[in-house]
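For reference, each letter of the sequence shown is one residue, going 1 to 122 in full-length UniProt numbering. By construction, the Cβ of each residue, glycine as well, lies at the ideal position given by its N, Cα and C atoms.
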Amino acid sequence: MGKWLQSGRRRDLCVLLAAAGRADDGTTTATTGDGSEGEDEREEAGGTTGELRGQRLKSQLESHYDDRIEPKAFYGSLSALVDAGFVEKRTAGIHDVYALTAAGERRLDDHYDWMRDRLESP
């Protein structure tokens, strides 16, 4: 397993970006603070499906963990994924947006297969 997958936070960031990539209507779905989806919580992230703004990604992860994440730690995890080539970062207006790369998707799929094999084994 690659070093990037040894961090649960990095894995979870990739899962959120993969889920955003599966949106089929041209928008990424964002959740409200209580985890529900709202019409005004849908956001365009530069018009490309599968991209999330850094702050939206951080909010979704904090909601999942039910805990605050220090910005330095959060953006450090994202930077490690970008540096490893598993996440792409670009600027859309004044916002940084992130998307899972093909390499990141393959690595996430490999990890999912590994977990499924472990859980299905007697």
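Along the chain, where does the alpha helix (DSSP H) that runs through D83 open and close? Per DSSP, D83 belongs to the alpha helix (DSSP H) from 71-84.
What residue range is occupied by the uninterrupted beta strand (DSSP E) comprising D66? Per DSSP, D66 is not a residue of any beta strand (DSSP E), being assigned neither H nor E.
Among D110, D67, A102, nearest to G21 - alpha-carbon criterion: Comparing Cα positions, the closest option is A102.
Counting along the chain, where does the alpha helix (DSSP H) carrying R10 start and finish? Annotation for R10: the continuous alpha helix (DSSP H) segment containing it runs 8-21.
Local Cβ density within 10 Å of E70, reported as buried at 16 or more and exposed below that: Under this definition E70 is an exposed residue.
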